[in-house]
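These protein sequences, in sequence, are chains A and B.
Going by this note's numbering, the letters in the first sequence line up with residues 1228 to 1744, in that order.
Going by this note's numbering, the letters in the second sequence line up with residues 47 to 426, in that order.
First comes the structure, then the notes that go with it.
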Amino acid sequence: MHAVVGENGAGKSTLMKILYGMQHPDEGVIRVGGKPVTFRSPADAIAAGIGMVHQHFMLADNLTVLENIILGSEPRRGLGIDFGGARRKIKEISDAYGLGVSPDTLVEDLGVGARQRVEILKVLYRGARILILDEPTAVLVPQEVDELFDNLRGLVREGLTIIFISHKLDEVLSVADAITVIRRGTTVASVLPRDVTARQLAELMVGSELPSPETRESTVTEQVALSVRGLTVRGADGRAVVRDVSFDIHKGEVLGIAGVEGNGQAELVEAIMGMRPAEGAVTLGGADISHWPTLRRREGGIGYIPEDRQRHGLLLNSPLWENRILGHQTRRPNVRGPWIDRAGARADTQRIVDAYDVRTPGIDVDAAALSGGNQQKLVVGREMSGDPVVLIASHPTRGVDVGAQAAIWDHLRAARAAGLAVLLISADLDELIGLSDSLKVLLRGQVVADVDPAGVTPELLGSAMTGAGGHDNAPAVPGGGGTVAAGGRGDDPVDPDKPADPSAPGRAGETPAGEGA
Amino acid sequence: MSSSFTDRLLGRVRLGGLLALAAPVLAIVFAALVTSIILVLTGNPPLHTLLLLVDYGSQPRTIVNIVNLATTYYISALAVAIGFRMNLFNIGVDGQYRLAALLAAAVGGALVLPPVLHVGVTVLVAVAVGGLWASIAGLLKVTRGVSEVISTIMLNAIATGFGAWLLTTDRLAVAVSGSNNIGTKPIPASGQFPGFAMIPGTQAKVFGFIVVAAVLGIAYHVLFNWTRFGFNLRATGASESAAVASGVNVKRMVLLTMIISGAVAGLVGMPQLLGASYSYSLDFPTGLGFTGIAIALLGRNNPAGIAVGALLWSYLDNSSDILDLEGIPKETVIIMQGTIVLSVIIAYELVHRYRMSAEQRRVSRQLSAGTGAPAEGAVA
């Protein structure tokens, strides 16, 4: 198992695209099993036994596992499709490698971890002997990561080769047999995991000091910036996806929301931004904004770093300076009355590019031409401009390299010290624990626990996120989510009923609610 | 991960300057080639036929006709392009302009007003009718989620039926003297839009409405590139999800865009009505809205590109009149028009792919070169 690590924009994805035949090398040779090969397309790479598991799953939800796997390479029998043969083959592969995938389940019924196993099986089904995994753990909780690694070790035992791309250096160190570090398109080091520490590896990647998300000295004030009371969001079928969520964020406070993805975080954020209808009250600096449209909320001082920057944060085919206007199209320096102020917007884009170290040849290139980390720096810079009162940051450093991550953390910390209230949603538990002043755990749309970030480890937080025991399918306990999270471990800092530290801001937020009710 | 095929098809992806020109030129050359092959297959000399088109098309009288028809096409294509810019397929320009022209003709023929005001009121009626008719499709989409493609096509059929019902002697029509045609009461001189005899060598006049068309083109450019509204509209077209997150009220934008597109569509019949026929009769030109779709595609929703597309289309339409006289099927030109549209789309796609990979190479090259440069700069 060979790990490739490097900053965003270091060339990892390009390298993988070349290995998978999606892009052509200008120079150099690729050898598979000692034989030089040239790939014109992914089909050539597949024929040579190379398979790719993408970071974003490419599965059709409404098809079964079997249908998804054979899609594109359907085994024929006469004029029809040989479903029976395919089913047997899938079972064989699944059993041989211990993937535990059942061919007739609908993909929409599968969890994230299982979907990933389906992706792996899909690649194996096509006869791959070399697997490329692009950031496979980005979407998994610690427990699922362990399962994945067990599976991967099983594959390696069976003689397969795995190329593994990750930002999470601890993971790389624990599973990889060899590590290649690339920076700005060249190999800067080839190391063995037993010879390096995570810190050394990170320093090799960025070529400088390792960042840390730690923020210890509290800047929390008494002033409530954003208050949410009894927020309930219903899905299309009328079922509550966010149920009766209440919290306060004070000026200078970072409130972290922990939870396995798909437990209502996205809906909660969209409800606060006014993008989704919701019941309950949202107050911004004393003003009831529950019925304000998105634009007015933004104008009122809510900055928004969306979860999916490409879908919600950027116009990929527009130049950077137009992207600067997005979300701020009613405010200076972007507009004057109904007119776009090109000069103003361009100058301010340049300011963001400089201040946030967005690596770009200019502000006229399309956002799509930038690497993910640089796109994110632009988004963060934009949302920090115009002096926001509250920042909703959804996965602010997802898919971002260590260098950019450190820069974004620095900006968040500085803004927090200056009195910004931040709602932080993240799947990176170290980031959540390090940056947050208080933490709430969201499970099936409900707050099931208040956690003091000072005394919790990622493992404990991970258990709380999955409902204490780590049982993915534990039934919801009506009206008593707290008991699920408590899990009978009395000495946990994860205490559902009251925060471990009575002076924690989470507690302070509870009091006005009680008075109001 | 970047743009979808429709984004590129509808010109929401920018193309570099010279490359953007190369695509249509290549496509036209290719279309001429395909047409030549078809001419050879049908036993007609290709070079001779093309020369006939050029020769007839460059006569002063034909030039006036070309410019006049192009004016109409231009407005129609602009109306379509407004929708395209935000992912709305207003297929209903055809019905919108026919209904608008009919009602405007009826009002213009019935009123007695001073010259400028008379034209103004007639045009205003056309704009209002076009906008209202299109707003039905917009409302259906916003409130019920009905695809505007379906609703506008159906509204075209309804407009045809409604128009036929209105254009009877019981209601808005009178018999046209000296024929069995019927039409609205002719608009008196005060309500006519004067033309200019600007092409030397002919008495035929260019529609005065060409000025309005030019103003519309400029307004289109300003709206999309310099106003907040235009920015919101483009943003919605480029990424609805990003627009929603940025605070754009997408439903409101859909409705407004549909109304604006329809209002412009209402003007499509005006050059002909106020500059030539002065009455909406049974032989009022039809199908202009569909031509507009093809021209908007050709011009990639760019006001200058649309002008070139409209002139080209009109040139082919007008100069083809000579072919019948020479015994060559006039439909040859339709083949050429169809081939141009198809090959332009393919050419734009090829150019786009070339440009994308070129830009990515350029960015990575500049960045790898740039990382050295600032460091040196800092030292100095």
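Glycine residues also receive a C-beta, built at the ideal position from the N, C-alpha and C atoms.
Notebook entry, point to check: Could you check where the alpha helix (DSSP H) with B:Tyr119 kicks off and where it finishes?
Noted result: Residue 119 of chain B sits at position 73 when you count from the first residue of the second sequence. Residues Pro106 to Phe130.
Check: Along chain B, which residues have their Cβ under 8 Å away from the Cβ of A:Gly1554?
Finding: Translated into the one-based positions of the first sequence, residue 1554 of chain A becomes position 327. Here the neighbours are Ala291, Ser292 and Gly293.
Notebook entry, point to check: Apart from the five residues on each side of it in sequence, which residues of its chain come closer than 6 Å, Cβ to Cβ, to B:Gly177?
Noted result: Your numbering for residue 177 of chain B matches position 131 in the second sequence. The answer, listed in chain order, is Ile305, Gly308 and Ala309.
Check: What did DSSP end up calling A:Met1228 once you bin it into helix, strand or coil?
Finding: To locate residue 1228 of chain A, count along the first sequence from 1; it is residue 1. Three-state DSSP puts A:Met1228 in coil, outside helix and strand.
Notebook entry, point to check: Fully enclosed by the stretch 321-360 of chain B, which alpha helix (DSSP H) runs are 4 residues long or longer?
Noted result: 334-344
Next item on the list: Evaluate B:Gln249 with the Cβ neighbour count: other Cβ atoms within 10 Å of its Cβ, from every protein chain shown; 16 or more gives buried, anything less gives exposed.
Entry: Against the second sequence, residue 249 of chain B aligns to sequence position 203. Residue environment for B:Gln249: exposed (fewer than 16 other C-beta atoms within 10 angstroms of its C-beta).
Check: Should A:Tyr1531 be flagged as near chain B, meaning a C-beta pair shorter than 8 Å?
Finding: On the first sequence, position 304 is the one that residue 1531 of chain A refers to. Any Cβ of chain B closer than 8 Å to the Cβ of A:Tyr1531 would place that residue at the interface, and such an atom is present.
Note to self: Under DSSP, the beta strand (DSSP E) around A:Glu1506 begins and ends at which residues?
What the structure shows: Sequence index remark: in the first sequence, residue 1506 of chain A carries index 279 (1-based). Looking at the DSSP string, the run of the beta strand (DSSP E) that includes A:Glu1506 is Glu1506 to Leu1511.
Check: Roughly how many angstroms lie between the CA atoms of A:Leu1379 and A:Gly1325, to the nearest whole one?
Finding: The residue given as residue 1379 of chain A occupies position 152 in the first sequence. The residue given as residue 1325 of chain A occupies position 98 in the first sequence. For A:Leu1379 and A:Gly1325, the distance between alpha carbons rounds to 10 Å.
Margin query: Counting only Cβ-Cβ distances shorter than 7 Å, please list the residues of the stretch 370-400 of chain B near chain A, keeping chain order.
Written below: none
Next item on the list: For the alpha helix (DSSP H) holding A:Asp1575, just list the boundary residues, first then last.
Entry: On the first sequence, residue 1575 of chain A is found 348 positions in, with the first residue counted as 1. Its alpha helix (DSSP H) spans residues Arg1569 to Ala1582.
Next item on the list: With 9 Å as the limit, tell me which residues of the stretch 184-211 of chain B have their beta carbon closer than that to any beta carbon of chain A; keep them in chain order.
Entry: Within the stretch 184-211 of chain B, no residue has a Cβ that lies closer than 9 Å to any Cβ of chain A.
Next item on the list: Would you mind sorting A:Pro1723 into buried or exposed? The rule is 16 or more other CB atoms within 10 Å of its CB.
Entry: Locating residue 1723 of chain A in the first sequence gives position 496, where the first residue counts as 1. Caution applies to A:Pro1723, whose pLDDT of 42 falls short of 50 and renders its modelled position unreliable; the value that the coordinates give is listed next. Its Cβ being crowded by 16 or more others within 10 Å, A:Pro1723 is buried.
Next item on the list: Check whether the Cβ of B:Arg274 lies closer than 8 Å to any Cβ atom in chain A.
Entry: Your numbering for residue 274 of chain B matches position 228 in the second sequence. Cβ-Cβ to chain A under 8 Å: yes for B:Arg274.
Next item on the list: Compare the C-beta of B:Ser236 with all C-beta atoms of chain A and state if any pair is closer than 8 Å.
Entry: Position 190 of the second sequence, counted from the first residue, corresponds to residue 236 of chain B. Answer no: the Cβ-Cβ gap between B:Ser236 and chain A never drops below 8 Å.
Check: Out of curiosity, what's the CA-to-CA distance linking A:Ala1410 and A:His1281?
Finding: Counting from one through the first sequence, the residue named residue 1410 of chain A turns up at place 183. Counting from one through the first sequence, the residue named residue 1281 of chain A turns up at place 54. Going by the sequence as given, residue 1410 of chain A is Arg instead of Ala. Rounded to whole angstroms, A:Arg1410 to A:His1281 spans 21 Å at the Cα level.
Checklist line | Which of helix, strand or coil DSSP assigns to A:Pro1546 | finding: In the first sequence, the residue the question calls residue 1546 of chain A occupies position 319. Note: A:Pro1546 maps to strand in three-state DSSP.
Item checked: Own chain partners of B:Ala156 with C-beta closer than 8 Å, once the 5 adjacent residues on each side are dropped -> Here residue 156 of chain B refers to the residue found at position 110 when the second sequence is read from its first residue. Within the same chain, Cβ atoms closer than 8 Å to the Cβ of B:Ala156 are found at Lys231, the five residues on either side in sequence being excluded.
Item checked: Classification of A:Lys1604 by the beta-carbon crowding that lies within 10 angstroms, buried from 16 upward -> Position 377 of the first sequence holds residue 1604 of chain A. Buried: at least 16 other Cβ atoms inside 10 Å.
Item checked: CA nearest to the CA of A:Gly1412, picked from A:Leu1659, A:Lys1239 and A:Glu1371 -> Along the first sequence, one-based indexing puts residue 1412 of chain A at 185. A:Gly1412 has its Cα closest to that of A:Lys1239, out of A:Leu1659, A:Lys1239 and A:Glu1371.
Next item on the list: Could you run through the stretch 212-229 of chain B and flag, in chain order, every residue whose CB is less than 9 Å away from some CB of chain A?
Entry: none
Next item on the list: Please list the residues of the stretch 1564-1593 of chain A that have a C-beta atom closer than 9 Å to any C-beta atom in chain B, keeping them in chain order.
Entry: Those would be Gly1564, Pro1565, Trp1566, Ile1567, Arg1569, Arg1586, Thr1587, Pro1588, Gly1589, Val1592 and Asp1593, in chain order.
Check: Of all the CB atoms in chain B, is at least one closer than 8 Å to the CB of A:Pro1520?
Finding: As a first step, residue 1520 of chain A is located in the first sequence; it is residue number 293 there, counting from the start. Yes, contact with chain B.
Next item on the list: With a threshold of 16 other CB atoms inside 10 Å of the CB of B:Phe330, please say whether the residue is buried or exposed.
Entry: On the second sequence, residue 330 of chain B is found 284 positions in, with the first residue counted as 1. Result: buried.
Next item on the list: Specify whether the stretch 102-112 of chain B and the stretch 241-248 of chain B touch according to this definition: at least 3 beta carbon pairs, one from each stretch, less than 8 Å apart.
Entry: yes
Notebook entry, point to check: Under the three-state reduction of DSSP, which class applies to A:Leu1650: helix, strand or coil?
Noted result: The count along the first sequence starts at 1 and reaches residue 1650 of chain A at position 423. In the structure shown, A:Leu1650 sits in a strand (DSSP, three-state: E or B).
Check: Using 8 Å as the limit for Cβ to Cβ distance, is A:Leu1541 near chain B?
Finding: Locating residue 1541 of chain A in the first sequence gives position 314, where the first residue counts as 1. Yes - at least one Cβ of chain B is within 8 Å of the one on A:Leu1541.
Item checked: B:Ser323 burial status per 10 Å Cβ neighbour count (16 or more: buried) -> By one-based count along the second sequence, residue 323 of chain B stands at place 277. Counting Cβ neighbours within 10 Å, B:Ser323 comes out buried, since at least 16 surround it.
Item checked: For B:Ala98, the three-state DSSP class (helix, strand or coil) -> For the purposes of this step, residue 98 of chain B is taken as the residue at position 52 of the second sequence. Here residue 98 of chain B turns out to be Leu, not Ala, going by the sequence shown. If DSSP states are grouped into helix, strand and coil, B:Leu98 belongs with the helices.
Check: If you measure from the beta carbon of A:Ala1596 to each beta carbon in chain B, is any gap under 8 Å?
Finding: Residue 1596 of chain A sits at position 369 when you count from the first residue of the first sequence. Yes, contact with chain B.
Check: In terms of DSSP beta bridges, what is A:Glu1517 paired with?
Finding: By 1-based counting over the first sequence, the position of residue 1517 of chain A is 290. According to the sequence shown, residue 1517 of chain A is Ser rather than Glu. Partner(s): none; A:Ser1517 has no beta bridge.
Notebook entry, point to check: Counting pairs of Cβ atoms below 8 Å between the stretch 110-122 of chain B and the stretch 252-270 of chain B, do you hit three or more?
Noted result: yes
Next item on the list: Check A:Leu1479 in the structure and name its three-state DSSP category.
Entry: Numbered from 1 along the first sequence, position 252 holds the residue referred to as residue 1479 of chain A. Here residue 1479 of chain A is Gly; the residue named in the question, Leu, does not match the sequence. Coil at A:Gly1479, not helix or strand.
Check: In whole angstroms, what separates the C-alpha of A:Arg1342 from that of A:Asn1289?
Finding: In the first sequence, counting from the first residue as 1, residue 1342 of chain A sits at position 115. In the first sequence, counting from the first residue as 1, residue 1289 of chain A sits at position 62. Their Cα atoms are separated by approximately 13 Å.
Check: Beta carbon of B:Thr337, beta carbon of B:Thr81: below 8 Å?
Finding: Mapped onto the second sequence, residue 337 of chain B falls at position 291. Mapped onto the second sequence, residue 81 of chain B falls at position 35. Their beta carbons are not under 8 Å apart, which means B:Thr337 does not touch B:Thr81 by this criterion.
Check: What is the DSSP secondary structure of A:Asp1593, counted as helix, strand or coil?
Finding: Residue mapping note: residue 1593 of chain A aligns to position 366 of the first sequence, counting from 1. DSSP places A:Asp1593 in strand when its eight states are reduced to three.
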